[in-house]
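Colleague:
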Amino acid sequence: PDTGKLRFIEVKGRFQGAKTVTISKNEILTAFNKPDDFILALVVVPPSESGLQTDPWQVAEPGANYGRTQNGCQVYYVRKPFTREPDFGVTSVNYNLKELVAKAQVPC
Numbered sequence: 024p025d026t027g028k029l030r031f032i033e034v035k036g037r038f039q040g041a042k043t044v045t046i047s048k049n050e051i052l053t054a055f056n057k058p059d060d061f062i063l064a065l066v067v068v069p070p071s072e073s074g075l076q077t078d079p080w081q082v083a084e085p086g087a088n089y090g091r092t093q094n095g096c097q098v099y100y101v102r103k104p105f106t107r108e109p110d111f112g113v114t115s116v117n118y119n120l121k122e123l124v125a126k127a128q129v130p131c
């Protein structure tokens with residue numbers, strides 16, 4: 024919804040069957056610094072020889088197709104996806120994709 028509130032949305036696309044998704048340290052820290060404003064959007068993309076037949080940048084109503092596939096892609100929105108900050112020397116962390124998808128919810 025149009026609330027005038029600034030959101031931080033990190034979009035990660037992964038091919039269907041992928042086991043992990045890589046999140047950078049900066050992305051994780053942003054999620055901790057702005058927990059109510061950060062959304063991790065996970066897009067599961069099926070294999071395709073021809074690619075998408077429609078405009079991939081077309082914006083749809085949030086939640087309108089939630090839980091359904093659109094062009095074969097499935098989008099999941101995760102709020103507060105991380106449980107702890109990364110260690111000082113870490114540059115990125117690999118997360119289990121299934122576990123993150125299990126925390127997904129309809130956007131509001």
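Position one of the sequence shown corresponds to residue 24 (my numbering), numbered consecutively onward. All C-beta atoms in this analysis are idealised placements derived from N, C-alpha and C, irrespective of residue type, glycine included.
Determine the direct distance from the alpha carbon of Val67 to that of Pro58, and round the result to whole angstroms.
Modeller: As a working mapping, residue 58 is identified with position 35 in the sequence shown. As a working mapping, residue 67 is identified with position 44 in the sequence shown. Distance between the alpha carbons of Pro58 and Val67 is about 24 Å.
Colleague: Determine whether the beta carbon atoms of Pro130 and Tyr100 lie at a separation below 8 Å.
Modeller: For this step, residue 130 is matched to residue 107 along the sequence shown. For this step, residue 100 is matched to residue 77 along the sequence shown. It is a contact, given that the beta carbons lie within the stated cut-off.
Colleague: Short of 6 Å in beta carbon distance, which residues of its chain neighbour Ser47, apart from the five on each side in sequence? Order them along the chain.
Modeller: Within the sequence shown, numbered from 1, the residue matching residue 47 stands at position 24. Around Ser47: Ser115.
Colleague: Leaving out five residues on either side along the sequence, give the residues of the same chain with a beta carbon under 7 Å from the beta carbon of Pro104.
Modeller: Locating residue 104 in the sequence shown gives position 81, where the first residue counts as 1. For Pro104, where only same-chain residues beyond five positions count, the Cβ hits under 7 Å are Ala54, Leu63, Leu123, Lys126.
Colleague: First and last residue of the alpha helix (DSSP H) that includes Ala125?
Modeller: Locating residue 125 in the sequence shown gives position 102, counting from the first residue. That run of the alpha helix (DSSP H) goes 120–125.
Colleague: Buried or exposed: which applies to Phe61, given that a residue is buried once 16 or more other Cβ atoms fall within 10 Å of its Cβ?
Modeller: Indexing the sequence shown from 1 puts residue 61 at position 38. The residue in question, Phe61, is buried, as its Cβ has 16 or more Cβ neighbours within 10 Å.
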